[in-house]
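Asker: To start, I am sharing the structure in question, which I have written as structure tokens.
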Amino acid sequence: MEKEKVGKQEMAKKSLKALRDLETTTRIEGVVKDNKIKFRSGDKTFRMRSLTLREQEELDNVRRKKHFEFINDDSYLFRKQWIEKYKQKGIDIEKMETNIRTKEDEIKKLLLRLAKMSNKKEIETIKKDILALRDEQDVLTIQKTDLLSYSIEDQLIITVNSHICYLVLERKDNGKWVKHFESYKEFSDSNDADLIGKSFYYLSFLMYGEM
Amino acid sequence: MQKFLRKLAQSYKYQILYNRAKDLGTLKLFRNDSDLSNIQTRFLYWLEVYSSLYSDLASDKDYIGEEIIKDNLRCEAYLLLREIERKKSMKEQLDTSKSETVVASDVPGVRFRKKK
Numbered sequence: 001m002e003k004e005k006v007g008k009q010e011m012a013k014k015s016l017k018a019l020r021d022l023e024t025t026t027r028i029e030g031v032v033k034d035n036k037i038k039f040r041s042g043d044k045t046f047r048m049r050s051l052t053l054r055e056q057e058e059l060d061n062v063r064r065k066k067h068f069e070f071i072n073d074d075s076y077l078f079r080k081q082w083i084e085k086y087k088q089k090g091i092d093i094e095k096m097e098t099n100i101r102t103k104e105d106e107i108k109k110l111l112l113r114l115a116k117m118s119n120k121k122e123i124e125t126i127k128k129d130i131l132a133l134r135d136e137q138d139v140l141t142i143q144k145t146d147l148l149s150y151s152i153e154d155q156l157i158i159t160v161n162s163h164i165c166y167l168v169l170e171r172k173d174n175g176k177w178v179k180h181f182e183s184y185k186e187f188s189d190s191n192d193a194d195l196i197g198k199s200f201y202y203l204s205f206l207m208y209g210e211m
Numbered sequence: 212m213q214k215f216l217r218k219l220a221q222s223y224k225y226q227i228l229y230n231r232a233k234d235l236g237t238l239k240l241f242r243n244d245s246d247l248s249n250i251q252t253r254f255l256y257w258l259e260v261y262s263s264l265y266s267d268l269a270s271d272k273d274y275i276g277e278e279i280i281k282d283n284l285r286c287e288a289y290l291l292l293r294e295i296e297r298k299k300s301m302k303e304q305l306d307t308s309k310s311e312t313v314v315a316s317d318v319p320g321v322r323f324r325k326k327k
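In order, the protein sequence lines correspond to chains L and U. The numbering of the first sequence is my numbering, which starts it at 1 and goes up by one. The numbering of the second sequence is my numbering, which starts it at 212 and goes up by one.
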């Protein structure tokens, strides 16, 4: 009886995962079909679109002014400077980067072995080894990203991406698309976590380079 | 996101659409004709990758099979191997073309090279 219960629970879990995967695939398919990404937040429909030329110029101004502000503020440091500061405290980011590259070389060697394998057991073993190395790589990458998150380069990316979200986020209002936030101040003062979260999420689908 | 994008790109539906869109200019994959988004560009990349994999499968190339195409990690392994072998083959071709046979000529100061 207990075994049956566990078996049924496992099947229910797998079935739920398959359903979620199908929903995500369908959602991604919808996002891929157009270069304007629509989504819902609350009871309203929103969309993210690409920047117009005027908006790109506005963004370039914002980026330049913010860069100037950061450079003139002694509390802001470049990545290279942060790396030096951390080294003085005993945290070697360059060593982390070397470790990440070494793991990448090991992964490549394992992938080349995997490509020529045909034995199922050996394949599963080597796949587990590759995934374990990838997990170790991810941990190091996340650690490095966290440590350098206050650098001028990273802060500039955050500022620019926030400004892009403000510029391209539109709301459907009586069949027309209107800019949702009147000003950047309104955007940054917003406490609509769901909307802001989704905006940043879909921004990565829309644009490359900044993300 | 990548996992789902790859799943879409390798699907029968999108492989057919992609190959027909390449052949017929009138069939569109996207609503927009230009200004592709990041995800659209990545999707096109994976469509091309899987198209080439199915092509390799149809040509009965070594180390490729249906089960490999459906397994993301094994697929990656095959792509890496294929890339390395391609570079090796290109380097060998380049080295071969550099070796030339010199034909002696009566005219001083002129060297005639035999074209392969």
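By construction, the Cβ of each residue, glycine as well, lies at the ideal position given by its N, Cα and C atoms.
#1: Are the C-beta atoms of HIS163 (chain L) and some chain U residue less than 8 angstroms apart?
#2: Assign ALA115 (chain L) to one of two classes, buried (16 or more other C-beta atoms within 10 Å of its C-beta) or exposed (fewer than that).
#3: Sorted by chain position, which residues of the same chain lie with C-beta nearer than 8 angstroms to GLU210 (chain L)'s C-beta, five sequence neighbours on each side aside?
#4: Going by the CB atoms, is the gap between MET96 (chain L) and GLN216 (chain L) shorter than 8 angstroms?
#5: Determine, for ASN249 (chain U), whether the minimum Cβ-Cβ distance to residues of chain L falls below 8 angstroms.
#6: Taking any Cβ of chain L, which residues in the segment 286-309 of chain U have a Cβ under 8 angstroms from it, in chain order?
#7: Under the rule that 16 or more other beta-carbon atoms within 10 Å means buried, what is GLN251 (chain U), buried or exposed?
#8: The alpha helix (DSSP H) with ARG63 (chain L) in it runs from where to where?
#9: Compare the C-beta of ASN32 (chain L) against all C-beta atoms of chain U and say whether one is closer than 8 angstroms.
#10: Would you kindly check if the distance between the Cβ of ILE28 (chain L) and the Cβ of LEU216 (chain U) is under 8 angstroms?
#11: Give the interface partners of LYS128 (chain L) over in chain U, defined as CB-CB distance under 8 angstroms, in chain order.
#12: Please check if any C-beta of chain L sits within less than 8 angstroms of the C-beta of TYR223 (chain U).
#13: Just checking: is the beta-carbon of ALA18 (chain L) within a distance shorter than 8 angstroms of some beta-carbon in chain U?
#14: Pick helix, strand or coil for MET211 (chain L), following the three-state DSSP scheme.
#15: Taking Cβ positions only, does LEU235 (chain U) come closer than 8 angstroms to chain L?
#16: Under 7 angstroms Cβ to Cβ from ARG213 (chain L), same chain only, skipping five residues before and after it: list those, please.
Answerer: Straight from the coordinates:
#1: In terms of beta-carbon proximity, HIS163 (chain L) stays away from the interface with chain U, with every pair separated by 8 angstroms or more.
#2: Here ALA115 (chain L) is buried. Its C-beta has 16 or more other C-beta atoms within 10 Å.
#3: With a pLDDT of 37 at GLU210 (chain L), under the threshold of 50, the predicted position of this residue should be treated as unreliable, and no value is reported.
#4: With chain L represented from 1 up to 211, any question about residue 216 (chain L) goes unanswered, as that position is not in the structure.
#5: Yes, ASN249 (chain U) counts as interfacial toward chain L.
#6: Under the 8 angstroms Cβ criterion, the segment 286-309 of chain U contributes GLU287, ALA288, TYR289, LEU291, LEU292, ILE295.
#7: Counting of Cβ neighbours within 10 angstroms places GLN251 (chain U) among the buried residues, the total reaching 16 or more.
#8: DSSP places ARG63 (chain L) in the uninterrupted alpha helix (DSSP H) bounded by 53-71.
#9: The question names Asn, yet the displayed sequence has Val at residue 32 (chain L). So, interface residue.
#10: Yes; because the gap between Cβ atoms is below 8 angstroms, this pair is in contact.
#11: Correct list: empty, because the minimum Cβ distance to chain U is about 10 angstroms.
#12: No, TYR223 (chain U) does not count as interfacial toward chain L.
#13: By this cut-off, ALA18 (chain L) is not an interface position.
#14: With a pLDDT of 31 at MET211 (chain L), under the threshold of 50, the modelled position of this residue cannot be trusted; read the value that follows with caution. In this structure, MET211 (chain L) counts as coil in the three-state DSSP scheme.
#15: Taking a beta-carbon distance threshold of 8 angstroms, LEU235 (chain U) does not count as an interface residue toward chain L.
#16: Because chain L spans 1 through 211 in this model, residue 213 (chain L) falls outside it and cannot be assessed.
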